[in-house]
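Protein chains in written order, with my numbering: chain U, 9 to 255; chain X, 7 to 117.
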C-alpha cells in the first residue's frame, strides 16, 4: 500500500516537473541555451568588450583560462568559502560520531596482505599523489582544481589503508594542516579587505591568460583548498577505518 | 532528451527514499536523487556545438561558442556538499549498526 502511494506520488511529481518545463518560454530548450540573456556571458567575456585571447590578453578582470575556476574562486569565492565550511562541519560531525581518533586502533582486514600488494600500493601511492598535486596546481588552466585534486590525494591515502592492515596515518598532522589551510584562506580574504576594497578581492596582478603564474591569488587559494579537502577526507577515511580499542 | 533521463533518476531516488526501510538503501537513494539533479542542472547550460568553457591554445578566444559555465560551477559545489552529507550519513549508519546490530529501521528497538 505504502509502495503504491509512493509510486503515484513520484509519478505525479515527475509529470508536474515535465509539464511545467515543457514549452515554457522562460526555460530554454535543451541544447539551445541563450547565453547572451544570462549572467554567464559576463563570466565568459570577463566583462571586457575586446575578445580575451589565450596567451595574449594581459590583466583581464579575472585571470584564469578555465572559466569555471574563475567563477568558483573569483566571482563566487565567498560561496566557495561557505562550501569549504560545510565540508569541514561534516568532517567534524563524522569524527564526533565515530569517536576521537587518538584512542582508537586500526580496524583489521579480512585477509593478510602479501608483500607484492604492500609494495605495489606504495609505488602507486606516489603516482596518485603526483596526479593530485598536478591537478590542484593547474586548476586555473585545465579541468580540475582544489576539490578534485584534494580528493585524489585522499584516495591515495585510502589505497594505503586498504592495502596494508598495519598502516595508520599520522592523523594529528592532518588536523593541523587542515586548520592552517582553512585559516590561511580566511586570512587571504581579509588581506583583500585591508589592501583592496572587499573581502576575498584579487589584490595580486592577473598576468597573461594561460600562464602557470597568473591570475593572482586564485592558484594560491586553490592550493589551500586542495590541502584542506585532501586532509579533511583523509581524516574521514581514518575515522571510518578505525574502531574502539577492546578494553 | 537527457533532461527526461535526469528527471527519471530524480524520481527513482525519491521513490527509494519514500519506500525503503534500510538505512544503506536510503543513503544510496539520496545519492541517486543527487546525481539526477546534478545532470539536470548541467543540461540547462548545454549548447549544441558548444565547447567546454576553458580557453586553450587551440580554442583560444572568448568569442567562440561555449556551454554555460555557471551551472557547472554550481554542480561542483553540489558534488562536494553531497560527499559531505554522504559521509555524515554513513557515520550515523555505522554508529546505528554498532549499537543495534541491524540496518533495518523497523528492527531498531528501544532499550
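Glycine included, each C-beta is placed from N, C-alpha and C at the ideal position.
What is the DSSP secondary structure of residue i, counted as helix, strand or coil?
| i | result |
| --- | --- |
| residue 103 of chain U | helix |
| residue 114 of chain U | strand |
| residue 73 of chain X | coil |
| residue 44 of chain X | helix |
| residue 67 of chain X | strand |
| residue 28 of chain X | strand |
| residue 216 of chain U | strand |
| residue 76 of chain U | helix |
| residue 57 of chain X | strand |
| residue 58 of chain U | coil |
| residue 251 of chain U | strand |
| residue 209 of chain U | coil |
| residue 37 of chain X | helix |
| residue 92 of chain X | helix |
| residue 7 of chain X | coil |
| residue 33 of chain U | coil |
| residue 156 of chain U | helix |
| residue 50 of chain U | helix |
| residue 116 of chain X | coil |
| residue 83 of chain X | helix |
| residue 62 of chain X | coil |
| residue 149 of chain U | coil |
| residue 120 of chain U | coil |
| residue 86 of chain U | helix |
| residue 221 of chain U | coil |
For residue i, is the classification buried or exposed, using 16 other Cβ atoms within 10 angstroms of its Cβ as the cut-off for buried?
| i | result |
| --- | --- |
| residue 64 of chain X | exposed |
| residue 10 of chain U | exposed |
| residue 124 of chain U | exposed |
| residue 80 of chain U | buried |
| residue 36 of chain U | buried |
| residue 246 of chain U | buried |
| residue 230 of chain U | buried |
| residue 11 of chain X | exposed |
| residue 44 of chain X | buried |
| residue 54 of chain X | exposed |
| residue 21 of chain X | buried |
| residue 193 of chain U | buried |
| residue 57 of chain U | exposed |
| residue 27 of chain X | exposed |
| residue 92 of chain U | buried |
| residue 66 of chain X | buried |
| residue 112 of chain X | exposed |
Looking at the unbroken alpha helix (DSSP H) that takes in residue i, where does it start and where does it end?
| i | result |
| --- | --- |
| residue 44 of chain U | Taken as a continuous stretch (DSSP letters only), residue 44 of chain U belongs to no alpha helix (DSSP H), as it is neither H nor E. |
| residue 227 of chain U | 226-248 |
| residue 176 of chain U | Taken as a continuous stretch (DSSP letters only), residue 176 of chain U belongs to no alpha helix (DSSP H), as it is neither H nor E. |
| residue 13 of chain U | 10-29 |
| residue 125 of chain U | 123-145 |
Taking DSSP's pairing of strands, which residues face residue i in a bridge?
| i | result |
| --- | --- |
| residue 50 of chain X | Beta-bridge pairing links residue 50 of chain X to no other residue. |
| residue 39 of chain U | X/53 |
| residue 110 of chain X | X/28 |
| residue 66 of chain U | U/216 |
State the CB to CB distance for the pair residue i and residue j, rounded to an integer number of angstroms; the pair is presumed to be in contact (CB under 8 Å).
| i | j | result |
| --- | --- | --- |
| residue 82 of chain X | residue 175 of chain U | At roughly 31 Å, the Cβ-Cβ gap does not stay under 8 Å, so residue 82 of chain X and residue 175 of chain U are not in contact. |
| residue 52 of chain X | residue 41 of chain U | 6 Å |
| residue 75 of chain X | residue 75 of chain U | 4 Å |
| residue 160 of chain U | residue 140 of chain U | 3 Å |
| residue 221 of chain U | residue 61 of chain X | With a Cβ gap of about 17 Å, residue 221 of chain U and residue 61 of chain X do not count as contacting. |
| residue 71 of chain X | residue 57 of chain X | 7 Å |
| residue 234 of chain U | residue 99 of chain U | Actually they are not in contact, since the Cβ atoms of residue 234 of chain U and residue 99 of chain U sit about 15 Å apart, beyond 8 Å. |
| residue 116 of chain U | residue 168 of chain U | Incorrect: roughly 16 Å between the Cβ atoms, too far for contact. |
| residue 148 of chain U | residue 68 of chain U | Between residue 68 of chain U and residue 148 of chain U the Cβ distance is about 12 Å, and since that is not below 8 Å, they are no contact. |
| residue 53 of chain U | residue 68 of chain X | 5 Å |
Please indicate yes or no: does the CB of residue i lie closer than 6 Å to some heavy atom of the ligand ATP?
| i | result |
| --- | --- |
| residue 141 of chain U | For the ligand ATP, the structure offers nothing, since it holds no ligand at all. |
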